[in-house]
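Below is one structure, written out as structure tokens; the observations come after it.
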Amino acid sequence: MLESYFIVLMLGVFYGFFVGLIPVAGATTGLIAIYSFVTYFQDPYMLVVFTTAIVVTSSIGDSFCGVVMNIPGAGGAAATMVDGFPMSRRGEAARALSAAISTSWINGLIWGLAVFLFLPWYTQIVLYFGTVEMFSFLIFAMVCVIFVSSKYWFRGLLALILGVLVGRIGMDPVTAADRWTFGWDYLADGVQIIPVMAGLLAVPELFSAYRMKAEKIQLTNGVIMSQLIEGIKDTWRWKWDGLRGGLIGGFVGLVPGIGGAIADWFAYSQTVAVSRKNPDDSEVPVGKGNVRGVIGCEGANNAQKATSYVPTVLFGIPGAPFEVIVMGLLMYVGLELGTPSVLADERFFDVLLSSYLWSLMIILPISYAFIKYAVYITNLPFKFYFWPIFASLVWSSTQYTGLIDDYIMLALCICAGMVMKYFKFSRVSFLIGFILSYRLEASWVQFNSFGYGWEELVFRPLPATFMALTVVALIWGLFFNKAKIDFV
Amino acid sequence: MKIKNLITGAVTALAMTASAAFADITLVVPQKAGQGTTVWAEIIVKELEKHLGERIVLRLIPGARDIPGINKFHNDLRFDENTIVVTHGGNGVSFLQEEVDYNYAEYESIGLMNLNIIAGKRIGDDMSAPRFPAGSGMVPEAFAMTLLLCGPDKTVDEYIECFKENVTWVKGMSGGERRLAFKRGDLNGTRENPATYNKHVVPDENAELWFHHGLLDPATGEHGDDPNFPAGYQVEDLFEAKWGVRPSGEFYDAYKLVKSFRDGLQKAIWINKGNDELRDRLRAAMTAMANDPESMAAIEAKNGKYEWFIGEKGDQMRDTLMTFITEDALRNLVKFNREALGLNSVYKANLVE
Chain B
7 MLESYFIVLM LGVFYGFFVG LIPVAGATTG LIAIYSFVTY FQDPYMLVVF TTAIVVTSSI
67 GDSFCGVVMN IPGAGGAAAT MVDGFPMSRR GEAARALSAA ISTSWINGLI WGLAVFLFLP
127 WYTQIVLYFG TVEMFSFLIF AMVCVIFVSS KYWFRGLLAL ILGVLVGRIG MDPVTAADRW
187 TFGWDYLADG VQIIPVMAGL LAVPELFSAY RMKAEKIQLT NGVIMSQLIE GIKDTWRWKW
247 DGLRGGLIGG FVGLVPGIGG AIADWFAYSQ TVAVSRKNPD DSEVPVGKGN VRGVIGCEGA
307 NNAQKATSYV PTVLFGIPGA PFEVIVMGLL MYVGLELGTP SVLADERFFD VLLSSYLWSL
367 MIILPISYAF IKYAVYITNL PFKFYFWPIF ASLVWSSTQY TGLIDDYIML ALCICAGMVM
427 KYFKFSRVSF LIGFILSYRL EASWVQFNSF GYGWEELVFR PLPATFMALT VVALIWGLFF
487 NKAKIDFV
Chain P
57 MKIKNLITGA VTALAMTASA AFADITLVVP QKAGQGTTVW AEIIVKELEK HLGERIVLRL
117 IPGARDIPGI NKFHNDLRFD ENTIVVTHGG NGVSFLQEEV DYNYAEYESI GLMNLNIIAG
177 KRIGDDMSAP RFPAGSGMVP EAFAMTLLLC GPDKTVDEYI ECFKENVTWV KGMSGGERRL
237 AFKRGDLNGT RENPATYNKH VVPDENAELW FHHGLLDPAT GEHGDDPNFP AGYQVEDLFE
297 AKWGVRPSGE FYDAYKLVKS FRDGLQKAIW INKGNDELRD RLRAAMTAMA NDPESMAAIE
357 AKNGKYEWFI GEKGDQMRDT LMTFITEDAL RNLVKFNREA LGLNSVYKAN LVE
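Chains B and P are the protein sequences, given in the same order.
Sequential numbering from 7 applies to the first sequence in this note's numbering.
Sequential numbering from 57 applies to the second sequence in this note's numbering.
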């Protein structure tokens, strides 16, 4: 019996890692793809093992796309590539990857233990975070991330506005009517994030790289090993950046409705802010290929995944998009998350905790070992892997309906991405505007529907704290923020 | 190594996508993976396949308010002799007051489950000032609470005013947010289907049953009590207990129209008219499934114990619902949606022609 569990765990680990490597795919796409095979899981706890392994390992696999290929990982997690790819071009891919994996792993361990060992204790935290708290937090997050700007600030601002406008396409939350869909039914559910990520960010980078000559950086096993160790040392050296990212990710995962992509950029923006106070003269600034940029945002992703299990398991309310799929899969085999039967099921919690921890333990050496092969990719002419990556991007982007509309949307996003890259309109700013747009609007609509006013923002303790921090962030962003990222 | 992996992955993915094309039967589902009707369809298909002896593959075509998938079936896929579709109550509501392509009159029923939607409230709250989640569109609960709050013998305009004065209709909330908001007490009322009501509201020590809409009998056209819940909580019963008369009138007719289309067609599987051979096979399999205690136990464990209307009985349900569409009921439905709920509903004259 134990052997069967171990085999399922290993299958989940390798499958999750592989899915994480596929650009813009990630845990949600990977979990959807296993729906067809769910009937093979006769023992429901085996499915718990399998899904947990996928969730844990896919976010570690994510880092490779950003660092090695300048292509975002899943669900908006694009911040890693801003500093990771320039490091890769400098011949420091192994260091960047090592730092990314180590940070992601450590935060996964810390937050995983914090979540699964003390799960029932989080009930009050989740319940405390109401509409006003959510609204004020989103304002704070938005103010922080919009100052992650490129040196072409005016075009960046336009891109941000354009992102907000595109994010408003779809259903109007007030009238439930289609908005700006131009009669195309497909747009009525909003523009999906995967084609935006693939078309706007990934494909233009693929085309650029295709025209570039591969830089023959001599990387011996010894150099790679020393970079790997250097990355681990970086993780320790900049541990507060990583832990801060973990704290942000952990908090975002705990509260349904904020969204993991916000955690990623929010954590990155905080690293940018802090890096100004603690500059390291021997390194390039954050935003131009500094390992701190990688560490800051990588802290958020696994922490967010761990804490998103809290509302999912306790209340049956998905803490993140991939948890919707996990819930559906587990319900299919008779485990309904959030119900008293599961909450009283000690075996379920044992299996969840042990599969989470074992997945983390197994994926670490695999990831470190894989760095060697990933780094060699940087020495290969891009034409060798252009088509497989392009094919995987098309596949990821067309999983929404599988109809011609998916292909048209991807083509439109690619065209937009190419134009924006050529004219240096910040695609990162666009993405931030796009991600925040609907969330902020829905939060504002809720705030208004309840009839709340500024009093709630000022006199409730948590919203008041967020609003005060917002003012500080605004002052910093307008008058003291000098950090600019090279990525456009 | 990586290139091989990517190619292998791409081939596997293509094979999975293509599997729908080579399946015996394709069931179009208008939602994403993990959503309510998709999960329901997976449970039903698993049981139905046992009695059909053929493979049924789900084809998920999501989109806003779950309309594009049904439209796609109507305009294109229904002409494929091996393709059927599942619709849910929201599609029934959209059919009444949105410009959609699909039309139930052009399909035949394989089978449908006549479900109920349950409203819960905070214990002890008299619900004189409900704070209720709007959901993604118009919901019959708005009509029900307006009736209960405002009483008999009023015009539609008076009901609209009464709703605006008394109800906090909270928009912009996802399902998860509304459940947390109810647990916190920010909302004092909420709504769930029977399965999610048992999951989210029943275990909540601060929550209790408020009302439900009852179950429609297609033979009589009347709603009866739901045996899954205590007697006396159907809207009509609560109204009579509070106001001394049964609800009636033009506003009540609009409520009856919209609740019947949502709950009567809560989960329904359809096939294009004229596809008699597959229709008969599927109806026979569904009848066998309904008579198989093991299959029904598996389904009821997830969805509650609700009656199935198979084949012609499903058609009868659809035909009964169509008789509720009168010009006044439809106009009042649209008027309330627009003026009380702020929705962009349209009056579809073609439905009453």
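Quick reminder that beta carbons are idealized off the backbone N, C-alpha and C, glycines included.
The structure displayed is predicted, hence computed values, not measured ones.
Between B:Ser-398 and P:Pro-124, what straight-line distance do the alpha-carbon atoms span, to the nearest angstrom?
C-alpha separation (whole angstroms): 26 Å.
Taking C-beta to C-beta, are B:Gly-423 and B:Gly-205 nearer than 8 Å?
Cβ distance < 8 Å, so B:Gly-423 and B:Gly-205 count as in contact.
Along the beta strand (DSSP E) that carries P:Glu-278, what are the first and last residues, could you check?
Start and end: 278-280.
Let me make sure I understand the geometry here. Which of B:Met-203, B:Pro-201, B:Arg-185 has the alpha-carbon closest to that of B:Asp-195?
Considering only alpha carbons, the answer is B:Arg-185.
Would you mind working out which of P:Ala-89, P:Gly-146, P:Pro-118 sits nearest P:Gln-322, comparing C-alpha positions?
Answer by Cα proximity: P:Gly-146.
Where DSSP assigns a beta bridge to P:Phe-188, which residues make up the other side?
Answer is P:Trp-225.
How would you label B:Leu-166, buried or exposed, when you count the other beta carbons within 10 angstroms and need 16 or more for buried?
Classification for B:Leu-166: buried.
Could you work out which residue in B:Val-316, B:Ala-350, B:Arg-101 is closest to B:Ser-232 when comparing CA atoms only?
The residue with the shortest Cα to Cα distance from B:Ser-232 is B:Arg-101.
Would you report the Cα separation of B:Ala-474 and B:Tyr-134, rounded to the nearest angstrom?
One C-alpha to the other measures close to 19 Å.
Which residues in chain B sit within 8 Å of P:Asn-170, going by Cβ to Cβ distance?
None at all; the shortest Cβ gap to chain B is about 22 Å.
Could you list which residues in chain B have their beta carbon closer than 8 Å to that of P:Ile-140, in chain order?
By Cβ distance, chain B contributes nothing, its closest Cβ being about 18 Å from P:Ile-140, past 8 Å.
Below 8 Å on C-beta distance, what does B:Pro-179 contact in chain P?
The answer, in chain order, is Lys-227, Gly-228.
Consider the Cβ of P:His-256: report whether some Cβ of chain B lies at a distance smaller than 8 Å.
Interface residue, yes.
Can you check DSSP and say which residues form a bridge with B:Val-61?
Beta-bridge pairing links B:Val-61 to no other residue.
Put P:Thr-139 into one of helix, strand or coil per three-state DSSP.
Note: P:Thr-139 maps to strand in three-state DSSP.
Enumerate in chain order the residues of its own chain whose CB-to-CB distance from B:Gln-452 is below 7 Å, with the five nearest sequence positions on each side excluded.
Within the same chain, B:Gln-452 has close Cβ partners Thr-137.
Return the CA-CA distance between P:Ala-97 and B:Tyr-41, expressed in angstroms with no decimal places.
Going from the Cα of P:Ala-97 to the Cα of B:Tyr-41 covers about 13 Å.
Kindly indicate which residue of B:Val-434, B:Ser-64, B:Ser-275, B:Leu-8 has the alpha-carbon position closest to the one of B:Leu-1.
Here chain B covers residues 7 to 494 and nothing more, so residue 1 of chain B does not appear.
Would you say B:Gly-344 reaches chain P, if we count a Cβ-Cβ gap shorter than 8 Å as a contact?
Chain P, which has a Cβ nearer than 8 Å to the Cβ of B:Gly-344, makes this yes.
Is the Cβ-Cβ distance between B:Gly-36 and B:Ile-66 less than 8 Å?
Their beta carbons are not under 8 Å apart, which means B:Gly-36 does not touch B:Ile-66 by this criterion.
In chain B, what lies closer than 7 Å to P:Glu-98 by C-beta?
The contacting residues are Tyr-338.
Would you mind giving the Cβ-Cβ distance between B:Gly-302 and B:Gln-276, rounded to the nearest angstrom? I have them listed as a contact below 8 Å.
That pair is a contact at about 7 Å.
Say whether chain B places a C-beta atom closer than 8 Å to the C-beta of P:Ile-123.
At least one chain B Cβ lies under 8 Å of P:Ile-123.
Please work out which residues of its chain come closer than 7 Å, Cβ to Cβ, to P:Glu-103, disregarding the five sequence neighbours upstream and downstream, and give them in chain order.
Here the set comprises Met-345, Ser-351, Ala-354, Ile-355.
So, at 7 Å on beta carbons, what are the nonlocal neighbours of B:Glu-462 in its own chain, with the 5 sequence-adjacent residues on each side left out?
Cβ within range, chain order: Val-138, Pro-469.
If you pair each beta-carbon of the region 358-371 of chain B with each one of the region 321-331 of chain B, do three or more pairs fall below 8 Å?
No, the region 358-371 of chain B is not in contact with the region 321-331 of chain B.
Which residues share a DSSP beta bridge with P:Gln-290?
Answer is P:His-268.
Since B:Pro-262 contacts P:Leu-272 with CB under 8 Å, what's their CB separation in whole angstroms?
That pair is no contact at about 34 Å.
Starting from P:Ala-175 and walking both ways along the beta strand (DSSP E), at which residues does that stretch end?
Counting along the chain, the beta strand (DSSP E) containing P:Ala-175 begins and ends at 174-178.
Given this structure, state the Cα-to-Cα distance separating B:Pro-317 from P:His-256, to the nearest angstrom.
Roughly 12 Å separates the two Cα atoms.
Rounded to whole angstroms, what is the Cα-Cα separation between P:Pro-86 and P:Val-212?
Each residue's Cα considered, the two are about 34 Å apart.
Should the region 433-453 of chain B be regarded as contacting the region 171-180 of chain B, the criterion being three or more beta carbon pairs within less than 8 Å?
Yes: the two stretches touch, three or more of their Cβ pairs being nearer than 8 Å.
For B:Thr-45, tell me which candidate among B:Thr-407, B:Glu-352, B:Val-357, B:Met-337 has the shortest Cα-Cα distance.
That would be B:Met-337, whose Cα lies nearest to the Cα of B:Thr-45.
According to DSSP, is P:Val-113 part of a helix, a strand, or is it coil?
In the structure shown, P:Val-113 sits in a strand (DSSP, three-state: E or B).
For B:Thr-407, collect the residues of the same chain with a Cβ closer than 6 Å to its Cβ; drop the 5 residues on either side in sequence, then sort them by chain order.
Here the set comprises nothing.
Please list, in chain order, the residues of the region 250-274 of chain P that have any C-beta partner in chain B closer than 7 Å.
Result list: Lys-255, His-256, Pro-259.
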